[in-house]
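First residue of the sequence shown? That's 67 in the numbering used here, and the numbers climb one at a time after it.
Worksheet for the structure shown next.
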Amino acid sequence: MIIFLQVLKLFSFIMAGYLLSKFRLVSRDQAPILSRLLANVFVPCLALKTFSTNFTVKNLSEQYPLMLCGLVVVSSVVLVSTLLARILTKNHYMRHVYSYSMAIPNFGYIGYPLVQGLLGDAGLFSFMLFVLAANAYVYSIGFCTLTKQPFNLKGFLNGMTIPLLLGMIFGLLQIPVPAVAMDILTSAGNCIGPVGMILAGIVISEYNLADLIKDKTAYIVTFVRLIAIPLSVGFTLKLLGLHDLALYATLFCTLPCGLNTIVYPKLVNEDCKFGAKMAFLTNILCCITIPINLHILGIQ
67 MIIFLQVLKL FSFIMAGYLL SKFRLVSRDQ APILSRLLAN VFVPCLALKT
117 FSTNFTVKNL SEQYPLMLCG LVVVSSVVLV STLLARILTK NHYMRHVYSY
167 SMAIPNFGYI GYPLVQGLLG DAGLFSFMLF VLAANAYVYS IGFCTLTKQP
217 FNLKGFLNGM TIPLLLGMIF GLLQIPVPAV AMDILTSAGN CIGPVGMILA
267 GIVISEYNLA DLIKDKTAYI VTFVRLIAIP LSVGFTLKLL GLHDLALYAT
317 LFCTLPCGLN TIVYPKLVNE DCKFGAKMAF LTNILCCITI PINLHILGIQ
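Below, the structure written as C-alpha cells:
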C-alpha cells in the first residue's frame, strides 16, 4: 500500500504536467525554467539540509559500516553500469544517461517515504546515512557528466556541490542552523518531488506514449535497474553475512529511476526522451518488482 500510494502521488503530478502541456496551459519551452529551479534552488537546499543534519562525527564513528557499505555499493553499481552502457550505445552522452539510469534510483521522493513506512523514523535515518555516498555522486560526478561539465576543481565546485560541502562542514563542526533557515531548506526540498514530476509530465507530453514503450534498450535498462542490480547486491551481502546492511542496500537498489536524466539534460538542451521513458516504465513496474525483490531476498 505504501508503494502504491507513493506511485499514485508521483503519477498525479506527472499527469498534471502532461495535461498542462497538452492543453497548452504551459509552454514546453518553459520546461528548462523548472529544470533550473530544481538544479539551482530546490536540490541544493535539500543537499545542504541533509548533510548538515546527518554528516556528524557521531554518525561517522557509530554508523561508519552503513556509510562504508553505501559507498562500496554505489561505486560498484556505477562501475558495472558504466561498462554496460558502453555495450548498449556508442553515443558518448547517452552512455552517461544509460549509466546514470541504471546506477542511481529515486531514493529521495520514492525511497524516503517507503523506508519510513516500512522501518519508521529510525530506519529512515539509517537509510539516509546509507545513501550519503549516492547523494555525493548525484551532486558531483552525476551532475557534471549529465550537464557536460568537466569533472575538475572548477567543474566540481558548482551549484550542487558547494551546498553539499557546506553541509558537511556544518555537520562535522556542529554549527547550528537557525530554525527559520532549516524550515526554508525543508520547504525548498519538499518542492523537488512535485516540481520534478510536473517537469517529467511536460517532457513526456512531447512524445507519443506508444513510442515510450517500444524502445528495447529501455527495457534492458529497466531490467538492470529493477531486477538485476537489487538481487545481485542483496544476495551478495546476505552471503557475506551482512544481513542488516543487505536490508538498506536492497531497499536502495530496488527503487525506480529518478528524474535527473530529465532535469539535467534539459539544462543543456539534450534530448530527454530516454529519461522520460525510464521514468515512465520503471515507476510503473516498480509496483511489482519491489515486493517481489524483497520477498525473494527474505526481507519483510
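Where is the CB? At the ideal position from N, CA and C, for every residue including glycine.
Select from the options the residue whose C-alpha is nearest the C-alpha of residue i.
i           : options            : result
residue 167 : 298, 289, 364, 354 : 289
residue 358 : 317, 92, 305       : 317
residue 106 : 311, 350, 255      : 255
residue 111 : 301, 232, 141, 81  : 232
residue 326 : 71, 88, 78, 175    : 175
residue 143 : 236, 332, 319, 226 : 319
residue 285 : 77, 99, 154        : 154
residue 212 : 315, 287, 333      : 333
residue 141 : 79, 170, 98        : 170
residue 161 : 246, 247, 287      : 287
residue 387 : 71, 336, 247       : The requested residue 387 does not occur in the structure, where the chain is confined to residues 67 to 366.
residue 346 : 324, 309, 315, 356 : 324
residue 190 : 314, 252, 356      : 314
residue 295 : 360, 210, 187, 217 : 360
residue 356 : 177, 129, 246, 247 : 177
Near residue i, what residues of its chain come up, given a Cβ to Cβ distance below 8 Å and the 5 sequence neighbours on each side ignored?
i           : result
residue 127 : none
residue 84  : 267, 268, 270, 271
residue 81  : 267
residue 225 : 105, 106, 110
If the criterion is Cβ atoms closer than 9 Å, does the pair residue i and residue j meet it?
i           : j           : result
residue 94  : residue 272 : yes
residue 365 : residue 297 : no
residue 173 : residue 138 : no
residue 352 : residue 292 : yes
residue 321 : residue 145 : no
residue 343 : residue 265 : no
residue 101 : residue 329 : yes
residue 159 : residue 88  : no
residue 217 : residue 207 : yes
In chain order, what residues of the same chain lie with their CB nearer than 6 Å to the CB of residue i, ignoring the 5 residues before and after it?
i           : result
residue 304 : 312
residue 165 : 147, 148, 151
residue 55  : Only positions 67 to 366 of the chain appear in this structure, which leaves residue 55 out of reach.
residue 259 : 175
residue 163 : 327, 340
residue 257 : 108
My assumption, with CB atoms under 8 Å, is that residue i sits in contact with residue j. Please give the rounded CB distance.
i           : j           : result
residue 121 : residue 307 : 28 Å between Cβ atoms; not a contact.
residue 113 : residue 205 : 5 Å
residue 104 : residue 262 : 6 Å
residue 15  : residue 118 : With the chain represented from 67 up to 366, any question about residue 15 goes unanswered, as that position is not in the structure.
Spatial neighbours of residue i within its chain, please: C-beta separation below 7 Å, excluding the five flanking residues on both sides.
i           : result
residue 339 : 273
residue 116 : 194, 201, 233
residue 125 : 195
Per the contact definition of three or more C-beta pairs closer than 8 Å, is the region 194–209 in contact with the region 118–134?
-> yes
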